[in-house]
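Reviewing the structure listed below.
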Amino acid sequence: MSAVIEIEGLRKTFHTLRRGRRVAVDGFDMVVEAGQVHGFLGPNGSGKTTTLRALLGLVRPDDGRMSVFGVPTPEELARVAGRVGAIVESPQFFGNFTGHRTLRLLAVAGGVPTSRVDEVLEQVGLRERGDDRVKGYSLGMKQRLAVASALLKDPELLILDEPANGLDPAGIREMRDLVRSLAASGVTVLISSHILAEIQLICDHVTIISGGRRVAAGRVDEVLAGFDQHEWQVDVAGPERAAALLREAGLSVTDHQGLLVVGGAREPELISRTLGEQGLWVRELTPIRPDLESVFLELTGTAPHPTLPRQVGGPALPGEGPEPMIDLDATAGRGVDA
Amino acid sequence: MKLVRAEVERLLARRFVQLMVVLLGFAFVVTTVTTVLGSHQPSAGEVAEARAQVAEAIRGLEVEHQRCLRIKAGEIPLDEAGYVPADCSELDPVLQERLPVVADYLSGVFVFGQQAEPLLYFLIAFLLLFGFLVGASYIGADITSGGVVNLLLWRPRRLTVLGTKLGALTGVVAVLSVAATVVYLGTFWLIGQTAGLPGRMEGPFWQNLGAIWGRGVALVLLASALGFGIATLGRHTSAALGAVAAYAVVWELGARVVFEILDVARVDQLMLSTYVGAWLTGRVELYDDQVCTDGPGFGLCTGSYTITWVPALLVLLALVGAVTVSAFAVFRRRDLI
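Protein sequence lines, in the order shown, are assigned to chains A and B.
Residue numbers are given in the UniProt record's numbering: position 97 of the first sequence equals residue 97, and the series is strictly consecutive.
Residue numbers are given in the UniProt record's numbering: position 255 of the second sequence equals residue 255, and the series is strictly consecutive.
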């Protein structure tokens with residue numbers, strides 16, 4: 001597969017009078033291959049949106065190399081802009097324009113047939129509200145309109161920054177189905193989102209950013225596998241005796257109100273055989289798999305502290321962020337490894 | 001071309017632009033209605049009476065001129081209440097810039113030839129306000145609403161996008177200015193023909209009116225570009241409004257007072273309003289007794305000096321050019337966050 005997006009060593013520091021110097025992106029790397037549905041995760045202030053804005057030519061990077069469809073960006077982005085549909089951070093629209101007019105103006109400016117407007121309004125579920133003024137739209141409807149604007153070009157690459165913002169559960173599901181259908185038709189999709197369960201459901205690949213640096217990248221299942229502690233939840237009669245037997249077999253055991261959590265067993269047979277040979281019959285043996293949320297919280301160091309509220313924007317200066325922990329970008333192999 | 005089309009449509013669809021056009025229309029209707037209601041076609045008797053008054057006034061001028069010449073020649077003494085200028089040619093009716101005309105003595109009669117110029121200045125003033133505010137709000141609202149970012153995702157060429165917006169703005173303002181002038185002056189010309197008097201329109205009348213109009217429209221376009229440029233630099237419509245308010249208060253009012261206290265000569269030369277006036281009217285005569293404090297011919301110094309449209313144009317072009325170039329340079333490199 002060919003790389004649709006390549007980012008290497010991206011750096012961006014913002015300077016403001018009030019807040020001084022703030023490193024937003026600090027040597028970030030990312031590769032998105034053709035046909036992927038690629039999740040882009042990171043806590044608030046980690047540099048996700050800055051990265052996307054830099055990629056799309058809205059922010060000038062201080063250093064690094066980026067390309068889209070093999071074309072260096074932002075210098076030559078215009079060459080491939082017609083193949084890229086993007087929304088960046090809840091775009092706003094003129095309240096007095098209707099949704100239809102908003103899209104039609106973009107279509108005219110971009111040289112897209114205006115017949116596409118009705119198609120994309122239908123696609124995002126705004127067909128019946130296309131002639132309403134945008135100021136009457138809910139947050140979710142504005143988000144749908146933003147996605148519609150990104151789809152207008154019939155893009156080969158779709159970049160969606162927080163597409164589920166403001167959507168109700170049904171809307172989130174529709175968005176998921178839409179992304180899946182686009183991916184099935186060959187569109188490469190890069191999604192930045194905070195809804196980790198959603199990313200896990202939609203995406204096949206993921207890049208996690210924290211403190212402006214990549215902390216994990218690769219196939220979703222491989223990233224998760226890297227954090228698999230081979231733990232099992234065991235329900236067995238006589239948990240105290242069972243725990244002792246399993247410890248004797250060299251496994252780690254913790255008792256959670258009568259349910260045992262057993263670690264270190266690559267195969268479940270070890271547990272069932274150890275207990276069965278002693279006449280203890282397992283009633284339940286469930287693998288405890290890491291989910292994206294737990295991996296994300298661990299990698300980004302944003303797990304909630306029982307007493308301290310977490311501060312947004314956390315470590316941002318070089319040397320303060322978390323060290324790169326995992327790189328499972330098995331398919332990349334093109335010089336972007338941290 | 002597609003981008004130009006989209007930008008023109010976007011500009012015309014903006015509520016603020018539509019509101020300003022409605023306001024222009026409203027001002028036009030109010031002026032027209034009040035003019036029509038306050039004017040009538042004079043009767044032959046009114047005209048004859050006015051003509052007699054004109055002849056009387058001109059005769060009075062001639063009498064004053066002759067009296068002045070005779071006093072200077074020592075033929076008659078200067079009475080105590082009397083005043084004669086140093087140079088009697090000031091009273092010579094032949095040398096007067098403007099002699100009394102019939103229209104001066106017709107009450108309640110709209111005379112197009114006499115009113116066209118102030119009417120045109122009013123229209124230009126409105127178009128100036130229109131151009132500046134629309135120019136500022138067009139780009140200011142687009143930047144704050146994210147419209148520019150949306151557009152750049154489609155056309156990632158910043159200078160092209162900004163240039164197209166400026167082009168669309170000036171084009172729309174120019175077309176609107178032409179259309180408004182034609183309708184406005186055309187209507188009042190018609191009123192002059194039907195409910196008043198056409199007045200004197202021979203000689204350089206249309207030429208002068210055309211020159212004022214041409215300079216006025218150019219000023220409107222410069223004001224549009226200025227509003228656009230300042231709002232681009234400040235990222236907000238309010239930046240342009242604030243800059244103008246700050247300039248007016250700090251420089252035109254505050255600095256003028258300070259300069260006068262410090263006895264700085266030719267303060268008006270330092271004020272932008274002077275150049276706006278000079279450009280619009282062709283030339284401004286200014287007076288400043290500080291000018292006469294030294295130099296050759298001190299005794300003959302009248303303290304007056306003139307600013308013509310040429311330096312005025314240069315100053316205005318330099319200002320708008322500097323702001324516009326800065327706006328494009330900043331926008332080209334700015335982080336759109």
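Even glycine gets a Cβ: it sits at the ideal position worked out from N, Cα and C.
Note that the structure is a prediction, hence the values are computed from the model and not measured.
As assigned by DSSP and simplified to three states, the class of residue i
i             : result
I307/B        : strand
H40/B         : coil
Y287/B        : strand
E222/A        : helix
T274/A        : helix
F259/B        : helix
F331/B        : helix
P72/A         : strand
L317/A        : Any reading at L317/A must be qualified, since the residue scores a pLDDT of 39, below 50, and its modelled position is unreliable; the value itself is stated next. Of the three classes helix, strand and coil, the one that applies to L317/A here is coil, per DSSP.
K12/A         : strand
D131/A        : coil
residue 379/B : Nothing in the structure corresponds to residue 379/B, since chain B is present only between 1 and 337.
V320/B        : helix
M20/B         : helix
M175/A        : helix
V148/B        : helix
I337/B        : coil
E46/B         : helix
Q92/A         : coil
S46/A         : coil
A3/A          : strand
D154/A        : coil
E252/B        : helix
E231/A        : strand
H65/B         : helix
R214/A        : strand
T237/B        : helix
D255/A        : strand
M141/A        : helix
S107/B        : coil
Partners in chain B for residue i, counting only beta-carbon separations shorter than 9 Å
i     : result
F94/A : R10, A13, R14, R15, A141, D142, S145, G147
G47/A : What G47/A touches in chain B: nothing, since even the nearest Cβ is about 12 Å away.
Contact set between residue i and chain A, taken where Cβ atoms lie within less than 9 Å
i    : result
L3/B : V108, A109, G110, G111
Under 8 Å from the C-beta of residue i: neighbouring residues of chain A
i      : result
N150/B : P91, F93, L106, S149
G336/B : Just to set this straight, residue 336/B is Leu in the shown sequence, not Gly. Result: R53, L58, V59.
A6/B   : L105, L106, V108, A109
R333/B : R60
Contact set between residue i and chain B, taken where Cβ atoms lie within less than 8 Å
i      : result
V88/A  : V149, L153
A81/A  : L153, W154, R155, P156
A78/A  : R155, P156, R157
R101/A : A13
Residue i: first and last residue of the uninterrupted beta strand (DSSP E) it sits in
i      : result
V10/B  : Residue identity check: residue 10/B is Arg in the sequence provided, not Val. From DSSP, R10/B is part of no beta strand (DSSP E) but of the alpha helix (DSSP H) over 2-12.
M30/A  : 20-33
F40/A  : 37-41
L157/A : 157-161
L190/A : 188-192
T114/A : Neither: T114/A is in no beta strand (DSSP E) and is coded neither H nor E.
A86/A  : 84-87
Contacts that residue i makes with chain B (C-beta to C-beta distance below 7 Å)
i      : result
F97/A  : A13
L196/A : Near L196/A there are no residues of chain B at all, since even the closest Cβ is about 25 Å away, more than 7 Å.
Enclosing alpha helix (DSSP H) for residue i [first to last residue]
i      : result
L285/A : Counting along the chain, L285/A falls outside any alpha helix (DSSP H), though it belongs to the beta strand (DSSP E) covering 282-288.
H205/A : Premise fails: H205/A lies in the beta strand (DSSP E), 205-210, not in any alpha helix (DSSP H).
T164/B : 158-195
T102/A : 99-110
E198/A : 196-202
T300/A : 292-300
- Query: Taking three-plus beta-carbon pairs below 8 Å as touching, is the region 115-132 of chain B in contact with the region 47-58 of chain B?
  - Reply: No: fewer than three Cβ pairs fall under 8 Å.
- Task: Return the residues of the region 228-253 of chain B that lie within a Cβ-Cβ distance of less than 7 Å from chain A, sorted by chain order.
- Result: Of all residues in the region 228-253 of chain B, none has a Cβ within less than 7 Å of some Cβ in chain A.
- Positions along the region 157-189 of chain B whose CB lies within less than 7 Å of some CB in chain A: Against chain A - using a Cβ distance shorter than 7 Å - the residues of the region 157-189 of chain B are R157.
- Message: So, does the region 31-45 of chain A touch the region 196-206 of chain A, judging by three or more C-beta pairs under 8 Å?
- Response: Result yes; three or more Cβ-Cβ pairs closer than 8 Å.
- Message: At a CB distance below 8 Å, what residues from the region 58-76 of chain A approach chain B? Give them in sequence order.
- Response: Answer in chain order: L58, V59, R60, P74.
- Just by C-beta distance, which residues in the region 302-319 of chain B are closer than 7 Å to chain A? Listed by position along the chain: nothing, the set is empty.
- Message: Three or more C-beta pairs under 8 Å: does that hold for the region 89-105 of chain B against the region 62-73 of chain B?
- Response: The region 89-105 of chain B, when compared against the region 62-73 of chain B, does touch it at the 8 Å Cβ threshold.
- Query: Pairing CB atoms from the region 147-155 of chain B with CB atoms from the region 100-118 of chain A, are three or more of them under 8 Å?
  - Reply: The region 147-155 of chain B, when compared against the region 100-118 of chain A, does touch it at the 8 Å Cβ threshold.
- Can you find at least 3 beta carbon pairs, one from the region 67-76 of chain A and one from the region 233-249 of chain A, that sit closer than 8 Å? Cβ pair count under 8 Å is below three, so no.
- Report yes or no: do the region 164-175 of chain A and the region 185-200 of chain A share at least 3 C-beta pairs separated by less than 8 Å? These segments touch.
- Cβ contact (3+ pairs, closer than 8 Å) linking the region 240-249 of chain B and the region 155-172 of chain B: The region 240-249 of chain B makes no contact with the region 155-172 of chain B, as fewer than three CB pairs between them are under 8 Å.
- Query: Hey, is the region 307-325 of chain B in contact with the region 275-294 of chain B, meaning 3+ C-beta pairs nearer than 8 Å?
  - Reply: Flag = yes, the region 307-325 of chain B and the region 275-294 of chain B touch.
- Message: Between the region 187-203 of chain B and the region 100-117 of chain B, can you find at least three pairs of beta-carbon atoms closer than 8 Å?
- Response: Short answer: they touch.
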